[in-house]
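*Asks:* Take the sequence shown: its letters are residues 29 to 217, numbered as in the working numbering.
If you scroll down you'll find the structure; I have some questions about it.
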Amino acid sequence: MSNFPSHDLETAPEASKPFLEQAEKKFGSIPGLAKVLAESPQALEAYFTLNKLFTETAFDADELTVVWQAINVENSCHYCVPAHTGIAKMMGVSDEITEALRNETALPSAKLEALRTLTVQVVRGRGFVSEEQQKAFFDAGYGPRAILDVVLGLAHKTISNYTNHLSNTALDEQFKPMAWTRATSPLEV
C-alpha cells in the first residue's frame, strides 16, 4: 500500500502546478512520476532541472539513453525502464540499443558498452571507481567530463528511481506495452 498522493492540476500544491503543466505539454498527459513528485514542489523542480541539465551535456541521444537506462535497470525501476523505452523512441534511439539495455545484453558499439559499464560501476561503487576502470572508459574515447555527466545523470535518476520504489508509482497507460522485469542475473561489470 502506498501513502503517496498522485496529484493532478487541481490537487497539486501551487508551486508544483507549473511543472505539471510543462509535463502535460511535453507528453500529452501528466506522467505518474510527476504526479507523485508534485507532493514536494522542490523535489519536482529538482527532477525537472536535473533532466534539463543532463540533456544539455555533450552526450547524444544514444548516450543519454545508455546512462538513463543503465541506472534504471541497475536500480530495477519498474516505472523508469518502460518510460525511458518510450522516451528513447521519441528521441530516435534504435530498438537495438533499447533492447540491449533492457535485456542487459551487448550494445552495438564498444564505446556505448564502455559508457554503460562505467555508469553501472559508478552506481554499484557509490562513486568509487578504480583507476583501471576509469582508464578503460578513457581508452574508449571519453574524458573526465563524461564521468561528471554520468554523476549528473545519476542524481537525476536517483530522484525518480527511489521515488518510484517508495511510492510504487503506477505505470502510465502509454508505457504499459513496454512493461519490464529485470532478468534474473544482473550485468557483470
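Glycine residues also receive a C-beta, built at the ideal position from the N, C-alpha and C atoms.
Determine, using beta-carbon pairs with one atom in the stretch 193–205 and one in the stretch 121–129, whether at least three such pairs fall under 8 angstroms.
*Replies:* no
*Asks:* CA-CA distance, K117 and P59?
*Replies:* 16 angstroms
*Asks:* Counting pairs of beta carbons, one from the stretch 187–202 and one from the stretch 107–123, are three or more of them closer than 8 angstroms?
*Replies:* yes
*Asks:* Can you look up C105 in the DSSP assignment and give me helix, strand or coil?
*Replies:* coil
*Asks:* When the Cβ atoms of the stretch 170–181 are set against those of the stretch 76–92, are three or more pairs found closer than 8 angstroms?
*Replies:* The stretch 170–181 is in contact with the stretch 76–92.
*Asks:* So what's F55 in DSSP terms, helix, strand or just coil?
*Replies:* helix
*Asks:* According to the neighbour-count rule (16 or more other Cβ atoms, all chains shown, within 10 Å of its Cβ), is E91 buried or exposed?
*Replies:* buried
*Asks:* Using 10 angstroms around the beta-carbon of E38, count the other beta-carbons present and answer buried if the total reaches 16, otherwise exposed.
*Replies:* exposed
*Asks:* Could you check how far apart the C-beta atoms of A164 and A134 are, in whole angstroms? I think they sit under 8 angstroms.
*Replies:* Contact flag wrong, Cβ pair sits at about 16 angstroms.
*Asks:* Any idea if E49 is buried or exposed, counting beta-carbon neighbours within 10 angstroms, 16 or more meaning buried?
*Replies:* E49 is exposed by the Cβ-count criterion.
*Asks:* Is A207 helix, strand or coil when you go by DSSP?
*Replies:* In the structure shown, A207 falls within a coil segment according to DSSP collapsed to helix, strand and coil.
*Asks:* Considering only residues of the same chain and omitting the five flanking positions on each side of A51, which have a CB-CB separation below 7 angstroms?
*Replies:* I58, P59 and A62
*Asks:* How should K123 be labelled, buried or exposed, when 16 other C-beta atoms within 10 angstroms of its C-beta is the threshold for buried?
*Replies:* For the sequence presented, residue 123 should be read as Asp rather than Lys. Classification for D123: exposed.
*Asks:* Using only alpha-carbon positions, find the residue among L182, L72 and P136 that is nearest to L146.
*Replies:* L182
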